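In what follows, a single structure is set out as structure tokens and then discussed.
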Amino acid sequence: MSRYKVTLQYDGAKFLGWQLQPKGRTVQGDLEKVLRKISNQKTRIPVHGAGRTDTGVHAMGQVAHFDFETRLSDGELIKALNGNLSLDCRIMTIEKVHQDFHARFDAVKRHYQYQCFTGNSLLFKNQAWSIPKIDMNELNQLASQLVGDHDFLSFSKYHEELKHTRCIIYKSEWTLDGKMVIFHITGNRFLHHMVRYLVGTMIAVIEKRLSNENYYLLLKNPQKDVRIFKAPPEGLLLVNVVYE
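If you're matching positions, the sequence shown starts at -2 in my numbering and goes up one per residue.
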């Protein structure tokens, strides 16, 4: 039995998130179904992802691992997987790794980006949040405050089982590409809905629905279950996951 590490992309608009659900299509569910089909195995073959993306959230560099016994080469296995997966999900790379590798717990950095479109576009309706024209300088001033080791309790959906809500953010900035305004954030870990709350709150400040002072207070004085401003899921993209 070998452990495989895969990098994959998927269109989040077509899935009810990464994690298995009692009803509805998920990325994890599709992968496990295809692995059972290839192996002719009736029992479940668990697939573990680096990030448990929500409904509507996309991935360009999601990483997962699974244990699998096959005579297929890596190249043949990736062809077999993609040949049975829908076009909404593609395996980009595959490799054998040591047995104690874990896609989620061995990750040291994750990079997300969130896309906002300053206008109305049918083309980007599932890939970006449509917002009015904004001030890039002010946005980047807000984003710069996130870099470092902070408690992001105010910007998350609270779960009691969490040991702590601190995250180290290495990069936090907005860039402009035509009418597309993109938030880039890299950190060692992210809380549930954290990126969407950060984006929603920064946009709220830009739109004068929240003061700069209250934004900084949410960061400096963490509070549970604030959940005021949350950006929609379609603009969020898991770009890549980094391992040592």
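In this text, a Cβ means the ideal position worked out from N, Cα and C, and glycines have one as well.
From a predicted model like this one, the values you see are computed outputs, not experimental measurements.
Closest to E29 by C-alpha separation, out of A228, T172 and P43, would be which residue? P43
Under the three-state reduction of DSSP, which class applies to S208: helix, strand or coil? coil
Which word fits M191, buried or exposed, when buried means at least 16 other C-beta atoms lie within 10 angstroms of its C-beta? buried
So, helix, strand or coil for T198, using DSSP? helix
If I measure Cβ to Cβ from L69 and keep anything under 7 Å in the same chain, skipping five residues before and after, which residues do I get? A77
Note down, one range per segment and in chain order, each beta strand (DSSP E) of at least 3 residues found wholly within the region 111 to 153. 145 to 148
Beta carbon of I91, beta carbon of Y1: below 9 Å? yes
With respect to the alpha helix (DSSP H) encompassing E73, which residues constitute its N-terminal and C-terminal limits? D71 to N81
Under 9 Å between the Cβ atoms of T183 and R107? yes
Residue of N185, D64, T172 and G145 minimising C-alpha distance to H45: D64
For the region 225 to 234 against the region 52 to 60, do three or more pairs of beta-carbon atoms, one drawn from each stretch, fall closer than 8 Å, so that the two count as touching? yes
Beta-carbon spacing of L159, L195 below 9 Å: no
Verify whether the separation of the beta carbon atoms of R101 and A140 is less than 9 Å. no
Considering just the uninterrupted stretch of the alpha helix (DSSP H) at G26, what are its terminal residues? V24 to S36
In chain order, what residues of the same chain lie with their CB nearer than 8 Å to the CB of S153, ignoring the 5 residues before and after it? T162, L188, H189, H190, M191 and Y194
Going straight from the alpha carbon of G9 to that of L214, what length do you get? 33 Å
Mark H147 as exposed unless 16 or more other C-beta atoms lie within 10 angstroms of its C-beta, in which case mark it buried. buried
Judging by CA-CA distance, which residue of E241, V202, Y7 and F180 is the nearest neighbour of Q112? F180
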